[in-house]
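The sequence shown begins at 867 in the working numbering and counts up by one.
Cβ atoms here follow ideal geometry from the backbone N, Cα and C, with glycine treated the same way.
What follows is a short report on a single structure.
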Amino acid sequence: MKGVLVTGTAGFIGAAVSQALLDQGYCVYGIDSLNDYYDIRLKLHRLDCLRAHPGFQFDAVDVEKPDETKRYLERHEVEVVYHLAARAGVRYSVDYPYVYQTSNVIGTLNVLEAMRYHGPKKAVLASSSSLYAGQSSPFREDQPVDRPLSPYAASKKSMEVLAHAYHHLHDLDLSILRYFTVYGPAGRPDMSPFRFTKWIAEGRPIQIYGDGEQKRDFTYISDIVAGTLAAAKPLGYEIINLGGGNQPSSLREMIGLLEALLDESATLEFLPEVAGDMRETASCIEKAKRLLDWDPEISLEEGLAETVRWYQSESEWLKDIQV
């Protein structure tokens, strides 16, 4: 059966995109290496939800291995590749830079090579707002991003220019999406919305790197999914921001919202800033509006309320998740 391929299908964005495609009637081939960057139980939880759908097929395939990736596309006829497999996280990349090169750069190269020989011609690839470090906000896609401040950002820049070469040489249609601080139910446990919710709910101090006044353009997962699916249209080669729309909120503001939702007070523990972290992210999304007819719909208040509801409904097993 013809379908779509989602790499990193057990990841936060990958699972949400897979679920949306299944809901729209697609046959979804999902692959993931199921690495242990964070607690694998969360990835298995997402996979269990996807496996409940008869149109979903999962295989443990690592895009860092070229032969595995090529063989998979050779065996499965797909219309679009959603390449969402990646190592994320600025802080972790400072200590483990090689992992980010193999996962994000070599992994993307292997996917593009497999597409070159076995199809399809269309892919949507995940990039990051971390590329904009040092630029003035709101961040626009035409700003120079050739001075990344972390190995993670450098790996995403490398992925983008590699994709451009394959578009030029092999006529691949590639949409690259720069995501801005994605959050929501079943989100990554290393990100602040999950960690802060868990710590406040358990009465533990919240660890903040810096003064807590750093701002992020938080973007709810359903908005990210909508933009990702819209980017599957023919576009040639485009880089597009998907963010909250130049409405950044500080970590302290987010903590205040979580305190109200959980009806608990937070204790704050301040730690030194991390090299490579950005002071503020704010997105210009005019290009996404024009090319994708996309506009985020969910406010931070609404999104955090849904996140807290999910956490409370799953709290029995989430209490053991390491953050």
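### Query
Tell me, which residues are paired with residue 1040 by DSSP?
989 and 1103
### Query
What is the C-beta distance between residue 1110 and residue 1005, in whole angstroms, given that I count them as a contact (C-beta under 8 Å)?
About 12 Å; that fails the 8 Å criterion.
### Complete runs of the alpha helix (DSSP H) confined to the segment 965 to 1036 [at least 4 residues]
973 to 984 and 1017 to 1036
#### Entry: Residues bridged to residue 1082 [DSSP beta-bridge criterion]
1115
### Query
Looking at residue 1064 and residue 1174, is the spacing between their C-beta atoms short of 8 Å?
no
### Message
Taking its Cβ as the centre, do 16 or more other Cβ atoms sit within 10 Å of residue 920, making it buried, or is it exposed?
### Response
exposed
#### Entry: In DSSP terms, what residue 1073 is bridged to
1135
### Opposing strand residues paired with residue 1049 [DSSP bridges]
1086
#### Entry: C-alpha distance - residue 965 paired with residue 996, whole-angstrom precision
17 Å
### Query
If you drop the 5 nearest sequence neighbours on each side, which residues of the same chain put their C-beta closer than 7 Å to that of residue 1163?
1089
### Task
Please report the Cβ distance between residue 992 and residue 1043, rounded to the nearest whole angstrom; I am assuming they are in contact, meaning their Cβ atoms lie under 8 Å.
6 Å
### Task
Below 8 Å on the Cβ atoms is my guess for residue 1056 versus residue 1100; work out the distance and round it to an integer in Å.
At roughly 35 Å, the Cβ-Cβ gap does not stay under 8 Å, so residue 1056 and residue 1100 are not in contact.
#### Entry: residue 1011 vs residue 949 beta-carbon contact at 8 Å
no
### Task
Compute the Euclidean distance between the alpha carbons of residue 872 and residue 879, then round it to the nearest angstrom.
10 Å
#### Entry: Segments assigned beta strand (DSSP E), at least 3 residues, entirely inside the segment 887 to 961
894 to 897, 922 to 925 and 944 to 949
### Message
Please report the distance separating the alpha-carbon of residue 987 from that of residue 1144.
### Response
35 Å
### Task
Could you tell me if residue 1201 is buried or exposed, where buried requires 16 or more neighbouring beta carbons within 10 angstroms of its beta carbon?
Examination of residue 1201 is not possible in this model, given that the chain is present from 867 through 1189 alone.
### Terminal residues of the beta strand (DSSP E) in which residue 869 lies
869 to 873
### Task
Would you kindly report the start and end of the unbroken alpha helix (DSSP H) that includes residue 1188?
Unbroken run through residue 1188: none, as it is neither H nor E.
### Message
Could you compute how far the alpha carbon of residue 943 sits from the alpha carbon of residue 1086?
### Response
31 Å
#### Entry: Enclosing alpha helix (DSSP H) for residue 1176 [first to last residue]
1166 to 1179
### Message
Give me, in chain order, the residues of the same chain whose beta-carbon lies closer than 7 Å to that of residue 1127; leave out the 5 immediate sequence neighbours on both sides.
### Response
1170, 1171 and 1174
### Query
Considering residue 1152, what are the terminal residues of the alpha helix (DSSP H) in which it resides?
1152 to 1158
### Query
In three-state DSSP terms, what is residue 1130?
coil
### Task
Using the DSSP secondary-structure output, state which residues sit across from residue 1146 in a beta bridge.
1081
### Message
Just to check my reading of the structure: residue 1134 and residue 1071 have Cβ atoms closer than 8 Å, yes? What is that Cβ distance to the nearest angstrom?
### Response
7 Å
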